[in-house]
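One structure is given here, and the rest of the page talks about it.
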Ligand SMILES: Cc1cc2nc3c(=O)[nH]c(=O)nc-3n(C[C@H](O)[C@H](O)[C@H](O)COP(=O)(O)OP(=O)(O)OC[C@H]3O[C@@H](n4cnc5c(N)ncnc54)[C@H](O)[C@@H]3O)c2cc1C
Ligand SMILES: Cc1cc2nc3c(=O)[nH]c(=O)nc-3n(C[C@H](O)[C@H](O)[C@H](O)COP(=O)(O)OP(=O)(O)OC[C@H]3O[C@@H](n4cnc5c(N)ncnc54)[C@H](O)[C@@H]3O)c2cc1C
Ligand SMILES: Cc1cc2nc3c(=O)[nH]c(=O)nc-3n(C[C@H](O)[C@H](O)[C@H](O)COP(=O)(O)O)c2cc1C
Ligand SMILES: Cc1cc2nc3c(=O)[nH]c(=O)nc-3n(C[C@H](O)[C@H](O)[C@H](O)COP(=O)(O)O)c2cc1C
Ligand code: FES
Ligand code: FES
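Protein chains in written order, with the numbering used here: chain C, 1 to 304; chain F, 1 to 304; chain X, 1 to 267; chain Z, 1 to 267.
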């Protein structure tokens, strides 16, 4: 039914056959309902953030449903590098789509050492820097201070030849300033954005709903803020932007392309609908066809 | 049924018989369904932001419903001071609850001149500074730059003896820093917060959903961010905090008290349920009773 | 405009009936005596049959039929999105929340004479109560209806008996030059020199622009009922403005009915 | 634990029946052959009967009865919030979305002997399929049920015929020291020197703590089925952890059934 439309997109040196991929931490290659064929039809595969050493994560409860989305205070219970190499990387060998590894670190040195180690693996196409996990005090630091952000990316680039994707925190006054800083420091791709820091309180039990007290908000309730941030940043930065936050449907994804994103990640909507990424890939093709566009590139940043 | 619980609260020199009032711009004394008795049972009455001179506001569409709330790009079509004096102030004479006037301005001088004029009216109890209407470029400036914010409040206080309520913008990296700045500059009360800046795009018509392209997000979808901000700021500032953003029920209001707010404002939920403030006032009394608290003061900031 | 004498009320209404008319069109009958009593043609209600946590805002709907004595009114609505989808599932005895009556209704001419009603699609909903009141007043009614498809043409059955003349076109099988139903009106004005006391239009800015052209030449009174996205429906939020020669005006408060010549119709 | 042999599927199920048992308790029967076929006692499904824009997450529910041949299963659920409220309005032929079967089910002892099932409130839902399977295997079943109120006591009718002995207490009219139904278990262990191959508990950490104490003295195998708030239900989000002697473990993946001695029960 769909005529041939071109869904492929180049994010700098990263070539995707379509612009839809999972968001880190909401998808696990070890625990997915999708079969191999379905996984190979995604734009890319991404890992949960890994760290140089094992991290436990936060005490429960880690999840709270909000009015249009959810909060999580998982806190990045990351696998250490060795575990990753032994147990996860082999599972990724099998796929014919780009593999993106998300990294979290305690310090610039920590990030750099991990990047250096990951650099040795052919199979890994890109490193995503989780700058902004709001559940870690130190994580927030990277994402909300532009000098530290710039320095981190600059140092990191010296340690890896992989494509570097800087996943920004949305908890900032001026996303454009952060995006420009990342670009200048050498990031290849900007991801807008990680979760908003939020809190919910149980007025019956008189305790926070999350074990960590505060957590990251994802889902449709915050999508309009993300769309605005993509739109703002895309007027100024030249490197590609990946949009993430609150996508549940083709229409939501299209908003991000029109605002200036070249690709999208889908996070917590996978929980409710494990096929949502597959549906969106098909939906984008259908939209382009209907609107008589030849390529998804034609709609990136159409809204000025 | 409710035993006598004490709903009164003092916000510095502002004495409220209960801690629930409308949020500016979502309530108009000329256009309310509430009768005089109902209005007199509110904690306070507030005006739509007024300006020294008439402002037109933004072209339509000005409203867009989101997944858990709405966006508005009304843009403060403010009445000028003279109109306010002649047509609105007389309507407010009748009420026996504190009257708060919300002000918007183009510059520090503009704000100060307006404050000076309003200072002459006995009937007005407090001036709320709309620092953050995200629909005005200049408005955003006041709300997101701490030096300008401090300066504005400092100058303003020299021009008025009224209680000054600083309504902060949530579109900042560090709300505590902004709150401390306002406190230091002499603000009597902090309001957290105005709307988040957002955007939505119509992928069929290929235009933004709002005439002004971007607009302010209100409603439950952003409440967890506001609750977190109140909680953060209340650990540091000593002056009272008024919470606003996404309250639709007693439970929502309680979250804000427990996080550290001494009073709340209810905004866009009034549209769906014009009695929502009355219901919440009753609901708080019921809650205090059930939990055997004597006063609403007992639950302010209970969650540390 | 005739001003609402009473301020809007916030009440619970009871669904008496909800039925599919055809395609995506439904008619719902609601019992709400306090609202029905004061409802005027051209006014509307803000309605929800959902929780605020499900859909945040109420939706505006015009009165389609008003029965003040029985304390009920009808709404003719088209299923187009989330709210109307939920509404379309209404069953007898369901409760709805209402704010109304909102806005200013239509004024009928003082003289007895001819009036023209021009409606496209669901616009007929807004004009039917006006036709009923006009007929009562002894006015002669010319109705001009248009729709996208033949089977979506609403109202001939209801407006027919009230009208002395009825004209219609549809996009798929139109009659009249260029498909605009207002060409029939133009013909009448031109050839028969029929005089209209007033022309009322709802549901199409394109038709309204044509009427505005005719009005400049033939000098009749003309009124348009407009739609805008609404927050409150009662004038509080300033969300529903349209552009007029007097600046921005609120559809929910100064409207929804405006003198045609005051409205800036471009876009 | 018996590991799920197949990975969870994402399918649409059809409601065959939904009825109110008593108070806020409901039983729903769902046709979903691909899930029923592989369902094991102790496993669960993630279910939604709502749109993602209405409620964002699916809800976890244990299998209450499994009929692999007919391709259907039942859930016993309590209406406690938004999701279960919507679920309670289900009608025959409604569609639900399901992810399942999720998690690891119960393992039954290799030996033929006695097992004890301890459930509080809705916890009985999780244990019923285990009783059915245990009975088939020729095990002798002792059931211990507890609830807040007498009329909320679930399961005697279903568990009765499967059990050789059944004990129950309610908070409003309890029997047994201190109201804990596990005191009956203690009595049996102490006086009769009854030996249990395994004890299974669901629905109360307080009862589980008591069983843990008994376990230390009498050295039986014991298993607990746990609940945590869930994002994905399939192990991907790391949201549903509980604290164990091996660190955080996911209820949806390593659980929901855990050896009692591995779980850190304080709080
Ligand atoms: C004064 C007035 C009278 C109306 N009378 C009728 C009537 O009698 N029958 C009828 O079928 N429709 C009428 N409408 C249009 C009706 O309000 C919309 O069709 C309805 O709001 C759509 O809601 P939804 O949730 O199904 O659509 P969605 O597209 O999901 O709604 C999303 C948002 O856009 C708003 N919206 C969508 N379409 C319109 C519109 N045309 N006008 C204003 N807001 C809109 C909704 O209120 C909501 O806030 C009237 C509108 C106005 C302003
Ligand atoms: C493995 C497992 C099996 C379960 N089996 C059953 C069963 O057979 N019968 C039954 O009645 N209930 C069962 N529950 C509990 C059931 O999932 C909750 O009652 C249900 O999620 C409540 O949803 P709600 O929207 O009505 O409540 P709300 O309070 O509105 O839910 C808000 C959020 O909290 C979560 N939540 C609330 N209560 C619980 C809970 N007890 N456990 C986990 N998450 C919760 C919801 O999933 C949702 O994300 C089980 C839970 C788990 C983890
Ligand atoms: C349960 C959960 C765990 C997450 N873990 C990570 C993570 O490890 N690293 C990361 O960069 N982002 C993480 N995120 C953030 C998501 O990648 C994504 O940025 C966010 O959820 C917004 O997208 P969404 O609204 O589509 O879910 C996590 C989100 C959720 C909900
Ligand atoms: C339609 C609309 C108009 C508003 N106008 C103003 C205004 O004039 N001045 C102001 O300070 N805030 C204004 N606000 C913001 C509200 O006062 C409030 O801060 C915001 O809506 C969040 O609260 P809520 O989620 O309860 O609506 C407006 C909000 C809405 C929805
Ligand atoms: S809808 Fe609020 S002013 Fe018209
Ligand atoms: S619910 Fe996602 S890991 Fe268990």
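For every residue, glycine included, the Cβ atom is placed at its ideal position computed from N, Cα and C.
Check: Identified DSSP bridge partners for residue 28 (chain X); Outcome: X:18, X:75
Check: Inter-residue Cα distance where the pair is residue 260 (chain C) and residue 234 (chain C); Outcome: 5 Å
Check: Pairwise C-alpha distance: residue 200 (chain X) and residue 128 (chain X); Outcome: 11 Å
Check: Own chain partners of residue 27 (chain C) with C-beta closer than 7 Å, once the 5 adjacent residues on each side are dropped; Outcome: 46, 270
Check: Strand pairing of residue 116 (chain X), partner residues [DSSP]; Outcome: X:142, X:199
Check: Beta carbon proximity, residue 179 (chain F) to chain C, threshold 8 Å; Outcome: no
Check: Cβ pair residue 264 (chain F), residue 286 (chain F) closer than 8 Å; Outcome: no
Check: Proximity test, residue 200 (chain F) beta-carbon vs ligand 5 heavy atom, cut-off 7 Å; Outcome: no
Check: Beta-carbon spacing of residue 212 (chain F), residue 58 (chain F) below 8 Å; Outcome: yes
Check: Short-range partners of chain Z found in the segment 23-50 of chain C, where Cβ spacing is below 8 Å; Outcome: 25, 26, 27, 28, 30, 31, 32, 33, 48
Check: Cutoff 8 Å: residue 47 (chain Z) Cβ touching any chain C Cβ; Outcome: no
Check: Heavy atom of ligand 1 within 7 Å of residue 73 (chain F) beta-carbon; Outcome: no
Check: Where residue 298 (chain C) falls: helix, strand or coil (DSSP); Outcome: helix
Check: Assumed close pair residue 175 (chain F), residue 256 (chain F) - CB separation to whole angstroms, cut-off 8 Å; Outcome: Wrong, their Cβ atoms sit about 14 Å apart, outside the cutoff.
Check: Cβ neighbours of residue 48 (chain X) in the same chain (closer than 6 Å, five flanking residues each side left out); Outcome: 58, 97
Check: Coarse secondary structure for residue 210 (chain Z), derived from DSSP in three states; Outcome: helix
Check: Proximity test, Cβ basis, 8 Å: residue 279 (chain F) and chain C; Outcome: no
Check: Burial state of residue 161 (chain X), where buried means 16 or more other Cβ atoms lie within 10 Å; Outcome: exposed
Check: Counted within 10 angstroms of its Cβ, other Cβ atoms place residue 359 (chain C) as buried (16 or more) or exposed; Outcome: Here chain C has residues from 1 to 304 only, and residue 359 (chain C) is not among them.
Check: Anticipated Cβ contact below 8 Å, residue 246 (chain F) with residue 220 (chain F), distance rounded; Outcome: 4 Å
Check: Residue 252 (chain F) burial status per 10 Å Cβ neighbour count (16 or more: buried); Outcome: buried
Check: C-beta atoms of residue 35 (chain Z) and residue 55 (chain Z) nearer than 8 Å; Outcome: no
Check: Residues from the segment 14-41 of chain X in contact with chain F, defined by Cβ distance under 9 Å; Outcome: none
Check: Local Cβ density within 10 Å of residue 139 (chain C), reported as buried at 16 or more and exposed below that; Outcome: Legend: pLDDT at residue 139 (chain C) = 48, less than 50; position of this residue unreliable, value from coordinates given subsequently. By the 10 Å Cβ count, residue 139 (chain C) comes out buried.
Check: Residue 181 (chain F) versus F:166, F:38, F:195, F:141, residue with shortest Cα-Cα distance; Outcome: F:166
Check: Neighbourhood of residue 141 (chain X) by C-beta, 7 Å cutoff - its chain only, sequence neighbours within 5 removed; Outcome: 115, 117, 131, 134, 135, 162, 163, 164
Check: Beta-carbon contacts of residue 3 (chain X) that lie in its chain and below 7 Å, excluding the five residues immediately before and after; Outcome: Summary for residue 3 (chain X): the model assigns pLDDT 44, below 50, so the residue's position carries little reliability; its value from the coordinates is reported in the next sentence. Within the same chain, residue 3 (chain X) has close Cβ partners 104.
Check: Nonlocal neighbours in the same chain, by C-beta distance under 6 Å from residue 68 (chain X), ignoring five residues either side; Outcome: 36, 37
Check: Which of helix, strand or coil DSSP assigns to residue 15 (chain F); Outcome: strand
Check: Residue closest to residue 243 (chain Z), alpha-carbon to alpha-carbon, out of Z:254, Z:237, Z:236, Z:60; Outcome: Z:254
Check: Cβ shell of residue 83 (chain X) (< 6 Å), same chain only, five flanking positions each side left out; Outcome: 55, 59
Check: is_contact[residue 198 (chain F), chain C] using C-beta, thresh 8 Å; Outcome: yes
Check: Given 8 Å, three or more beta-carbon pairs between the segment 213-233 of chain Z and the segment 185-203 of chain Z; Outcome: yes
Check: Rounded straight-line distance, which links the Cα of residue 201 (chain F) to that of residue 300 (chain C); Outcome: 13 Å
Check: Test: residue 282 (chain C) CB closer than 8 Å to a CB of chain Z; Outcome: no
Check: Chain-order list of residues whose beta-carbon lies under 7 Å from that of residue 233 (chain X) (same chain, five-residue window excluded); Outcome: 46, 58, 60, 99, 102, 252
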